[in-house]
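K.L.:
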Amino acid sequence: MAFILAATGSAVGLGNIWKFPYITGENGGGAFVLVYLVCILLIGIPVMMGEILIGRRGRKNASHSIVDLAEEANASSIWAFMGLAGILASFLILTFYVVVAGWSFSYIFTAGRGAFTDASPEAIESIFNDFLANPMRLIFWSTLVVGATMFTVAGGVKKGLERAVTALMPGMLIILFILVGYAMRTGSFMEGVRFLFAVDFSALSTEGVLIALGHAFFTLSLASGVMITYGSYLPENVSIFKTTLAVAAADTAVALLAGLAIFPIVFANGLEPGAGPGLIFVTLPIAFGQMPFGAFFGTLFFVMLSFAAFTSTISLLEPAVAWTVERFSVTRTRATIITGSILWLLSLGPALSSNKWSHITIFKKSIFDAIDYLTANIMLPLGGLLVALFTAWIMKESVTREELELEQSSVYPMWRFVMRYVAPIAIVIVFLNAIGIITF
Ligand code: TRP
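Just so you know, we're using the numbering used here here: the sequence shown kicks off at -12 and counts up by one.
(1) Spell out the partners DSSP gives Thr348 in its beta bridges.
(2) Are the Cβ atoms of Ala49 and Ile381 separated by less than 8 angstroms?
(3) Run through DSSP, which three-state label would Ser469 get?
(4) Just to confirm, does Phe205 get its C-beta within under 7 angstroms of one of the non-hydrogen atoms of ligand 1?
(5) Using alpha carbons as the reference points, say which of Ile80, Val20, Ala379 lies closest to Gly195.
(6) Hey, is the segment 8 to 15 in contact with the segment 290 to 309, meaning 3+ C-beta pairs nearer than 8 angstroms?
(7) Within 10 Å of its beta-carbon, does Tyr220 have 16 or more other beta-carbons around it, so buried, or fewer, so exposed?
(8) Nearest-angstrom Cα distance between Ile325 and Ser113?
(9) Specify whether the segment 194 to 211 and the segment 34 to 44 touch according to this definition: at least 3 beta carbon pairs, one from each stretch, less than 8 angstroms apart.
(10) For the alpha helix (DSSP H) that contains Leu419, what are its first and last residues?
(11) What is the rounded straight-line gap between the Cα of Met278 and the Cα of Val140?
(12) Enumerate in chain order the residues of its own chain whose CB-to-CB distance from Glu390 is below 8 angstroms, with the five nearest sequence positions on each side excluded.
(13) Find the nearest neighbour of Ser341 within the set Val86, Ala309, Met291, judged by alpha-carbon distance.
(14) Work out the CA separation of Ile425 and Met291 for me, nearest whole Å.
(15) In whole angstroms, what separates the C-alpha of Leu266 from that of Ala(-6)?
(16) Using alpha carbons as the reference points, say which of Ile365, Glu394, Met406, Thr387 lies closest to Leu419.
(17) Figure out for me which residue from Pro251, Ser211, Asn121, Gly16 has the closest Cα to the Cα of Asp187.
(18) With a cut-off of 8 angstroms on the beta carbons, I'd call Gly89 and Val132 a contact; round off their distance for me.
(19) Would the C-beta of Val132 count as close to ligand 1, meaning under 7 angstroms from any of its heavy atoms?
(20) Flag Asn364 as yes when its Cβ comes closer than 7 angstroms to any non-hydrogen atom of ligand 1, and as no otherwise.
(21) Spatial neighbours of Ala185 within its chain, please: CB distance less than 6 angstroms, with the 5 preceding and 5 following residues excluded, ordered by chain position.
(22) Restricting to Cα atoms, I'd like to know which of Phe355, Thr193, Ala296, Ile161 is closest to Ala248.
(23) Applying the criterion that 16 or more other CB atoms from any shown protein chain within 10 Å of the CB defines a buried residue, is Tyr408 buried or exposed?
(24) Pick from Glu149, Glu109, Phe78: whose alpha carbon is nearest that of Ala(-11)?
(25) What's the C-alpha gap between Ser385 and Arg314?
(26) Nearest by alpha-carbon distance to Ser129: which of Leu56, Ala102, Phe176, Gly327 is it?
(27) Cβ of Leu367 within 7 angstroms of any heavy atom in ligand 1?
(28) Whole angstroms is fine: what's the gap from Ile95's alpha carbon to Trp66's?
(29) Cutting at 6 angstroms between CB atoms, please list the residues of its own chain near Leu372, excluding the five before and the five after it.
(30) With C-beta atoms as the reference, is Ile358 less than 8 angstroms away from Leu79?
(31) Are the CB atoms of Gly263 and Ala76 within a distance shorter than 8 angstroms?
(32) Can you check whether the CB of Pro272 is closer than 8 angstroms to the CB of Gly285?
(33) Keeping to the same chain, check which residues put their C-beta closer than 7 angstroms to that of Ile354; ignore five residues upstream and five downstream.
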């Protein structure tokens, strides 16, 4: 249970409630959602099983588990690079994740003082835009998130966190249901449902397919060493397959509920589904401004979103801290201070990319978007590819079969087939397709 809670706490976060709706909006809706769901089922779940398996077999941190297992299989220790790349990916994700978590924290107070009550959609949009234009306020909130994350990671208050996740998941689901209930009464509910589930492939670009794939990894916290680390704590008698399914189901449910709550509000108020990263910070406040007890529910929602973000920032910082402790033989506190300070400095990039540094672009993207793109759409899929190759081609079949405890089941051959052929080939094709090397 503790494992499921920790893994769900890591998986369910801004990726589900903030990122999933806005990239769905930017990529045309239904076809994107379908590809995303296929990626979760066909690639995300098997890769997650592979990572937990590595951790439980290796019983060490991400990169040392991989080194040991490579040795066991007489393979090159160069595979340790896979662990390092994952640690770097999670650290880079954090640099913008703390900024968005900061938006959420600050909105607890914006909602709490009733700023949304009876406000027009335009007024609510300008509350968000004014916030993004204010470097000091953004830095203040992201600094708070970085500090709180450092404090938790350094002290290892894991018990408290487990309890927080236990309360968080039901609370989050209830408030999402309330929001979906509100969305049903906007008069545009079916339009929202159609946008999410009516499949129209002409609305999906080849790049959109890559974004869906990348998001499957992002939302399940894959390819970053997190699940390997958690897997190393998993007892022998627990089914990796069943726990993976439970985490993936909870994660997907939260994302789809968020979509069902948000898109009807978008259409009912004549907003743009492709409005970008601000989508939930504009749409949901409109709902809170109009529903009874909206200030209360709004405050509660952003408290829970902040908590969900916080359980993820902890899991994103942990790999870098664990690695620094072992690599430089320093105390946990010192490692946290070092990595946290670098993180804070780097987070200024995404924080300032909506104001002072908005003129700086990398490959035509803002600093914020560029880091998001590099990590979610390039580093994570490549990391997932390596996990698939490592567990299905390098590790011995007898070892993975025993560790997954699926001896009698037809799930094992399916898992192995997917990890050997389907996932690697699909990832490579999606990549080559997105950069235009192959076209269909
Ligand atoms: N999965 C989290 C979310 O959806 C984010 C996250 C936490 C993450 N740990 C991760 C993403 C590791 C990639 C890798 O919000």
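Every residue, glycine too, gets a C-beta built ideally from N, C-alpha and C.
P.N.:
Concretely, from the data shown:
(1) Ser353
(2) no
(3) It is not possible to answer for residue 469, since the shown part of the chain is limited to -12 through 427.
(4) yes
(5) Val20
(6) no
(7) exposed
(8) 37 angstroms
(9) yes
(10) 410 to 421
(11) 38 angstroms
(12) Leu40, Arg43, Arg44, Ile227
(13) Val86
(14) 43 angstroms
(15) 27 angstroms
(16) Ile365
(17) Gly16
(18) 5 angstroms
(19) no
(20) no
(21) Gly17
(22) Ile161
(23) exposed
(24) Glu149
(25) 32 angstroms
(26) Gly327
(27) yes
(28) 43 angstroms
(29) Pro411, Ile414
(30) yes
(31) no
(32) yes
(33) Gly336, Pro337, Ser340, Trp344, Ile347
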